[in-house]
Amino acid sequence: MEDAYVRWGTEMVSLVQLIRTPALDQIFLAITRLGEMPVLLMCAATALLFPRIRWAGCAMLAAFLISSVVNAEIKATLDIPRPSGHEVYTANNTTTSATPSAHTMSAAAVWFLLALSLPGWRWAVGAIPIVVGFTRVYLGMHYPGDVILGLALGALLALSLLLIVEVASGRLRPWELRTRKIKAPGL
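For the sequence shown, the working numbering assigns the number -7 to the initial residue and increments by one for each residue that follows.
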């Protein structure tokens, strides 16, 4: 099964890389940084400065830490190689396993929480992890499946932390879960 995954993933990476240009390389290298630790921690720290979204800052810090640990464990367990070969351009020679994409998983967990706390910016901020995921495929660092799994796990983590915040704040009692829509605190 891993061979089929790698073969399909390599074909998809090669297909995406048909649009490669030096200018796009530089743009996507910049965008992919939105899924890196310094940027994500800076976003969480900034959210802590604003009382209305302080809950999001705390949840974002927790999301980043949990995401990092869970991602490392899954990578060690699955041990799927990153894209390689003459038909794939890779931005660097990272040697860790590919699945799931840590950039995408952490970005989804952190940016989705921020998106939930900023109603007017929800769609723009919520799109960031999706774009980060695309950059990971474009740069030859991940297969599309790595990115999809990273997005799904990051989103699940963000929603789980939102649920914990709702219950901990007393705004939601566990027995009401089936009858009430969950809304981010402060909205």
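C-beta: ideal position from N, C-alpha, C; glycine also. Here the structure is a predicted model, which is why all the values come from computation and not from measurement.
- A Cβ-Cβ separation of about 6 Å places residue 52 in contact with residue 39 under the 8 Å criterion.
- If you draw a straight line from the Cα of residue 62 to the Cα of residue 119, it is about 23 Å long.
- Look at residue 2 here: in three-state DSSP terms it is helix.
- Distances from the alpha-carbon of residue 152 to those of 110, 48, 117, 16 put 48 closest.
- Boundaries of the alpha helix (DSSP H) harbouring residue 136: 136 to 160, taken from the DSSP string.
- Rounded to the nearest whole angstrom, the CA to CA distance from residue 114 to residue 108 is 6 Å.
- The residues 72, in chain order, have a CB closer than 7 Å to that of residue -6 in the same chain once the five nearest residues on each side in sequence are set aside.
- Excluding the 5 residues flanking it on each side, residue 55 has same chain C-beta neighbours closer than 7 Å at 101, 102, 105, 149, 150, 153, in chain order.
- With a threshold of 16 other beta carbon atoms within 10 Å, residue 161 falls short and is exposed.
- Residue 98 is positioned such that its CB atom lies closer than 8 Å to that of residue 32.
- The beta carbons of residue 96 and residue 128 sit closer together than 8 Å.
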